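Heads up, the sequence shown is in UniProt numbering, so the first residue is 1 and it goes up one at a time. Just so it is clear, CB atoms sit at the ideal spot from N, CA and C, and this is done for glycine as well. From a predicted model like this one, the values you see are computed outputs, not experimental measurements.
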Amino acid sequence: MTKQSASATVEVAAEPGTAFHVFTAEIDLWWVRGPINFFDAGRAIGMQIEPGVGGRILEVYRRAAGDTGEDVLELGRITVWEPGARFAYRSSVDDTETDIRFEPCEAGTRVSVEQTLLPGGDKAFYFWPNVIPWLVTWTARRGSGMSKPGELGRLSIALYYANPVAAAEWLQKVYGLEPSLEVPDEDGHPSWIEFRIGSSAILLFPQTDSTDAPRNDHEVWVYVDDLDAHFAHSTDQGATITTPIQQHGYRAYQTTDLEGHHWTFAQATPTTE
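What follows is the structure in structure tokens.
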């Protein structure tokens with residue numbers, strides 16, 4: 001049975017009017033760039049919220065040279081627009097509606113998000129509980145002169161753990177690493193947990209190797225400009241392909257090198273540095 005709702009609440013250091021403006025008008029600045037943070041990460045160059053009832057929430061793609069048309073994915077349509085207090089939208093990509101409220105609190109503003117499955121619906125992408133902590137980080141640093149979103153670099157490292165949540169908590173406590181998303185509790189079963197070191201990422205995945213297969217403790221992720229050409233070249237040169245090109249928000253394929261080390265090659269976004 002599909003989960004009926006998901007909610008999250010954070011407090012940001014800004015008064016409600018400013019918090020509402022940051023959430024809506026500055027979404028492209030606080031939305032964290034990364035391979036799983038867009039529906040089509042290989043083409044996405046930003047996020048946009050059009051103000052007012054009827055406005056769209058958009059994932060924006062880069063147009064081809066000479067193309068004057070619009071290249072976007074509509075994520076939702078706004079149904080309620082009350083600046084400084086609340087806005088809501090009906091999703092265009094699943095069967096949910098989302099309500100975002102802004103209430104004054106001692107720290108500044110309490111931002112509450114509730115995403116609910118509509119009656120009769122069966123498809124829900126409950127991403128807001130993972131996304132909303134990014135707003136806190138951006139609001140805290142937006143006065144420091146930073147004027148553009150942080151881009152993901154071309155090299156990342158993936159580490160595989162039997163218990164990624166416990167590993168993430170250990171890395172945070174012992175090494176002082178800061179996750180790009182709040183680490184879930186033990187029951188969260190995240191697909192992955194991500195830390196950022198400058199523009200590079202450390203990705204924590206659950207260990208899923210069977211007992212009769214070589215243990216996969218770590219993996220190198222490389223983002224390339226033309227994934228199809230790279231796949232064709234490595235295949236022609238005799239690489240062992242463990243997983244052909246697939247798309248899960250990001251496009252990637254997996255391979256092993258001459259001594260069995262695991263590599264993932266993924267499509268870079270148009271803005272990858």
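Please classify residue i: does DSSP put it in a helix, a strand, or coil?
i, result
"HIS218", "strand"
"GLY198", "coil"
"TYR253", "strand"
"THR18", "helix"
"PRO164", "helix"
"THR242", "strand"
"TRP31", "coil"
Taking C-beta to C-beta, are residue i and residue j nearer than 8 angstroms?
i, j, result
"GLY52", "ILE27", "no"
"GLN254", "THR242", "yes"
"GLU70", "PHE39", "no"
"ALA44", "THR240", "no"
"ILE132", "ALA8", "yes"
"LEU118", "PHE23", "no"
"ASN37", "TRP30", "no"
"VAL12", "GLY108", "yes"
Assign residue i to one of two classes, buried (16 or more other C-beta atoms within 10 Å of its C-beta) or exposed (fewer than that).
i, result
"SER91", "buried"
"TRP170", "exposed"
"GLU15", "exposed"
"THR208", "exposed"
"GLY42", "buried"
"LEU258", "exposed"
Might you give, ordered along the chain, the residues of its own chain that have their beta carbon closer than 6 angstroms to the beta carbon of residue i, omitting 5 neighbours on each side?
i, result
"ASP225", "ALA268"
"ILE100", "PHE87, VAL113"
"GLU103", "ARG110"
"GLU50", "ARG56"
Which same chain residues end up closer than 7 angstroms to residue i when comparing Cβ atoms and leaving out the 5 residues on each side of it in sequence?
i, result
"LEU204", "LEU159, TYR161, PRO164, ALA167, ALA168, TRP192, ILE193"
"TRP128", "ALA6, ALA8, THR98, VAL113, GLN115"
"SER200", "GLY153, LEU155, SER156"
"ASP94", "LYS123, ALA124, PHE125"
"GLU219", "ALA158, HIS262, TRP263, THR264"
Does any residue of chain D bring its CB to less than 8 angstroms from the CB of residue i?
i, result
"GLU178", "Protein chain content of the structure displayed is limited to a single chain, and chain D is not contained in it."
For residue i, collect the residues of the same chain with a Cβ closer than 8 angstroms to its Cβ; drop the 5 residues on either side in sequence, then sort them by chain order.
i, result
"ILE245", "LEU227, ASP228, PHE231, ARG251, ALA252, TYR253"
Which runs of the beta strand (DSSP E) spanning at least 3 residues fall entirely within the segment 77-154, listed in chain order?
-> With a minimum length of 3 residues, the continuous beta strand (DSSP E) runs that stay inside the segment 77-154 are 86-91, 96-105, 108-117.
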